[in-house]
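> Numbering (my numbering), first residue to last: 3 to 212. C-beta atoms are modelled at their ideal positions from N, C-alpha and C, and glycine is treated no differently. Okay, here's the structure, questions in a sec.
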Ligand SMILES: C[S@@+](CC[C@H](N)C(=O)[O-])C[C@H]1O[C@@H](n2cnc3c(N)ncnc32)[C@H](O)[C@@H]1O
């Protein structure tokens, strides 16, 4: 549980296309994010795959070589197949010289539960060019509280932030697809400043206040 309650850490929420923000904000040390699903960007599968690849390239260009990026992505069951987001994103990072340094399976429902629409687990995984994976920690964790269907679980946010802290110390945590601000909130509670970007004004309004 979060033990370091704090109300002085700063939170900045920007209503913008993340691509525009990433192009002009380089040298980021700590990014934690969940890239949107195809419905959220209103594109068919093949176009969405290309959009994810472009987004990975922009994230890499914005990230410092000694920085860390962590993704929280739930696969999709789609037309009789599984859309494996972790593999898609991993290929983009590995092919550009990044190492996979952080890996968790995050349970959103108990083992043995059947869900017809979405997998009951999410992948939490991260990369860096220079930072190495460190001390072992649990491989399978619970998501914790989720403030809506597409939200990142609070417990997963905490695990990602604490990993970054253990490897590169206190950094501003950036979520370029911040949604309703789960990463921003937990960062602030752990005494980290946070910056969130979201293309939807309504999401930004919630992200400012949760
Ligand atoms: C999976 S949700 C993020 C959920 C978030 N982790 C939370 O806990 O609330 C993805 C978010 O990306 C936003 N989004 C989609 N396209 C975007 C873009 N081009 N730039 C910035 N945000 C975008 C959506 O509005 C949505 O809120």
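Enumerated in chain order, which unbroken segments of the alpha helix (DSSP H) with a length of 4 residues or greater are wholly contained in the region 108-174?
Counting whole runs of 4 or more residues, the region 108-174 contains the alpha helix (DSSP H) stretches 156-170.
> Determine the DSSP secondary structure at residue 196, reduced to helix, strand or coil.
Three-state DSSP puts residue 196 in a strand.
> Any chance the region 128-145 sits against the region 69-82, with 3 or more Cβ pairs inside 8 angstroms?
The region 128-145 is in contact with the region 69-82.
> From this set, 148, 191 and 158, which residue's C-alpha is nearest residue 104's C-alpha?
For residue 104, the nearest C-alpha among the options comes from 158.
> Among 111, 152 and 33, whose alpha-carbon lies nearest the alpha-carbon of residue 67?
Comparing Cα positions, the closest option is 33.
> CB residue 182 to CB residue 199, shorter than 9 angstroms?
No, they are not a contact pair.
> Suppose you measure from the CA of residue 119 to the CA of residue 79; what does that come to, to the nearest Å?
Approximately 6 angstroms between the Cα atoms of the pair.
> Which same chain residues, not among the five before or five after residue 50, have their C-beta less than 6 angstroms away from its C-beta?
40, listed in sequence order.
> Contact between the region 51-66 and the region 90-104: three or more CB pairs below 8 angstroms?
The region 51-66 vs the region 90-104: in contact.
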